[in-house]
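Numbering (the working numbering), first residue to last: 40 to 248.
Where is the CB? At the ideal position from N, CA and C, for every residue including glycine.
The structure displayed is predicted, hence computed values, not measured ones.
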Amino acid sequence: MPKIEVFNQEGKSLHTLELNEAVFGITPNNQAVFEAVVMQQASLRQGNHKTKTRTEVRGGGRKPWAQKGTGRARAGSSRGPIWRGGGIVFGPTPRSYSYSLNRKVRRLALRSSLSQKVLDSDVTVLDNLAFEAVKTKNFIALMDTHKFHNKTLFVVAGEEDVDNAYLSMRNLPNAMLLNVEGLNVRDIVNADRIVFTEKAAIEAGEVFA
């Protein structure tokens, strides 16, 4: 059963929390993590690329020259694919790149990415993220106290009141906040450190087990 210290916002250790081994203590499956990240990145693609076919380009309504007698090849339009300014054959059209993975693979990838962060000692647990007022400098002070200088993902429980915390950190380029239900593999892998509130760590162990 993996154990982790719980700190307050001032950096003082309060007590030790036992994490759910089924979520934070499994042997990471790198293939599942890879497939989950690729799926998420594919789903983010806009897929709005478009080229025009010969029926969509402008012009070409008149036959360029007579059918016979010129010595040249027959031509019915100046907008065929072999002409300059003509249409494109088999060009890209708008499409969706999204696809889905099996539920078991998605959950395995999520547990694997969380377990890898625990193995790498890249997980911190705070007692809460409650702020009395919206002050970005207060959130920066918290990050400086705990040395959260790189990309940091803060995870909170669904019932926690973190409005002031979110408004205080939303302009910081190296900080991101999610609730447990919104936790995903891509954001976990992308973060250098994950910071759970104590309630969020417990909830994640229950939800993803």
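Exercise. CB-CB under 6 Å to Pro-103, same chain, minus the five flanking residues each way: which ones, in chain order?
Worked result: Ala-114, Ser-117
Problem set entry | Backbone CA spacing between Leu-165 and Phe-46 [nearest angstrom] | 5 Å
For this session: Please state whether DSSP places Arg-145 in a helix, a strand or coil.
Result: helix
For this session: Can you give me the Cβ contacts of Lys-89 inside the same chain, cut-off strictly under 7 Å, excluding the 5 residues immediately before and after it?
Result: Pro-131, Thr-132, Pro-133
For this session: Starting from Glu-44, follow its DSSP beta bridges and name the residues at the other end.
Result: Thr-55
Exercise. Alpha carbon to alpha carbon, what distance is there between Asp-159 and Met-40?
Worked result: 16 Å
Exercise. What is the DSSP secondary structure of Leu-211, counted as helix, strand or coil?
Worked result: coil
Exercise. In angstroms, rounded to a whole number, what distance separates the CA positions of Ser-207 and Asn-177?
Worked result: 8 Å
Problem set entry | Status (buried if at least 16 other CB within 10 Å, exposed otherwise) for Glu-237 | buried
For this session: Taking the CB atoms as reference points, tell me whether Leu-153 and Val-72 lie closer together than 7 Å.
Result: no
Problem set entry | alpha helix (DSSP H) segment containing Ile-179, residue limits | 175-184
Exercise. Glu-199 to Ala-243, Cα distance in whole Å?
Worked result: 14 Å
Problem set entry | Alpha carbon of Arg-146 to alpha carbon of Ile-241, nearest angstrom | 17 Å
For this session: Assign Arg-111 to one of two classes, buried (16 or more other C-beta atoms within 10 Å of its C-beta) or exposed (fewer than that).
Result: exposed
For this session: List the DSSP bridge partners of Leu-216.
Result: Phe-193
Exercise. Rounded to a whole number of angstroms, what is the C-alpha to C-alpha distance between Val-96 and Gly-124?
Worked result: 8 Å
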